[in-house]
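What follows is one structure encoded as structure tokens, with my remarks underneath.
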Amino acid sequence: MSGLRVKHTFRLPPDLSAQLADYAARKRVTQALVVETALASFLSGDSSEHLEAALSRRLDRITRQADRLAWHVELGNETLALFVRFWLINNPPLPDTALAAAQAMGKERWERFVETLNRRMDFGPRLKNEVSDDVNPSVGSR
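Heads up: take any position in the sequence shown, counting from 1, add 237, and you land on my numbering.
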């Protein structure tokens with residue numbers, strides 16, 4: 238902006254005035270500079286381009302987060318599939334005489350598993366931290 242200034246007097250609602258003062262204090266600039274910059278941005282013809290650029294950056298970030306989430310879901314699905322396949326191959330069906338004892342033991346083991354899972358979810362460590370990024374080099378950026 239040029240050195241020549243025209244004085245304007247206007248009134249703001251108290252809450253907006255407080256927001257202006259807080260913002261200017263945080264940025265360590267004058268309130269007049271904040272108002273001047275905001276008006277220039279609002280009145281410029283490229284404000285829609287600025288908005289589009291900001292939305293584009295935000296969508297790109299959300300897309301990257303969704304990609305990471307999809308990778309973790311796929312990792313969980315593959316882990317479960319491998320475990321089930323391994324379990325089915327290595328554990329033949331039980332005879333009827335051993336079924337009751339196996340169910341009782343299975344219930345105890347299940348309860349310990351759930352307790353361990355809860356503890357791990359609360360305090361760690363998490364599987365994602367144990368799985369090395371070098372397992373799949375394309376995951377390194379995720």
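Just so you know, even glycine gets a beta-carbon here, dropped at the ideal spot from N, CA and C. Just so you know, these numbers come straight off a predicted model, no measurement behind them.
For residue j and residue i, believed in contact at Cβ under 8 Å, the rounded distance
i: leucine 312; j: valine 368; result: 7 Å
i: leucine 249; j: leucine 241; result: The pair is not a contact, with the Cβ atoms about 24 Å apart (cut-off 8 Å).
i: serine 293; j: serine 284; result: Rounded, the Cβ-Cβ distance is 15 Å, inconsistent with contact.
i: valine 272; j: tyrosine 260; result: Their Cβ separation, rounded to whole angstroms, is 10 Å, which puts valine 272 and tyrosine 260 out of contact at 8 Å.
i: histidine 309; j: lysine 365; result: 6 Å
i: leucine 331; j: alanine 339; result: 5 Å
Limits of the unbroken alpha helix (DSSP H) element including residue i
i: leucine 364; result: 364 to 367
Buried or exposed (CB count within 10 angstroms, at least 16 for buried), residue i
i: phenylalanine 323; result: exposed
i: arginine 346; result: exposed
i: glycine 377; result: In this prediction, glycine 377 has a pLDDT of 48, which is less than 50 and means its spatial position is unreliable; nothing more can be read from the coordinates.
*What residue ranges within the segment 316 to 359 form continuous beta strand (DSSP E) runs of no fewer than 3 residues, ordered along the chain?*
As summarised for the segment 316 to 359, there are no continuous beta strand (DSSP E) elements at least 3 residues long confined to that stretch.
*What residue ranges within the segment 239 to 311 form continuous alpha helix (DSSP H) runs of no fewer than 4 residues, ordered along the chain?*
251 to 264 and 268 to 280
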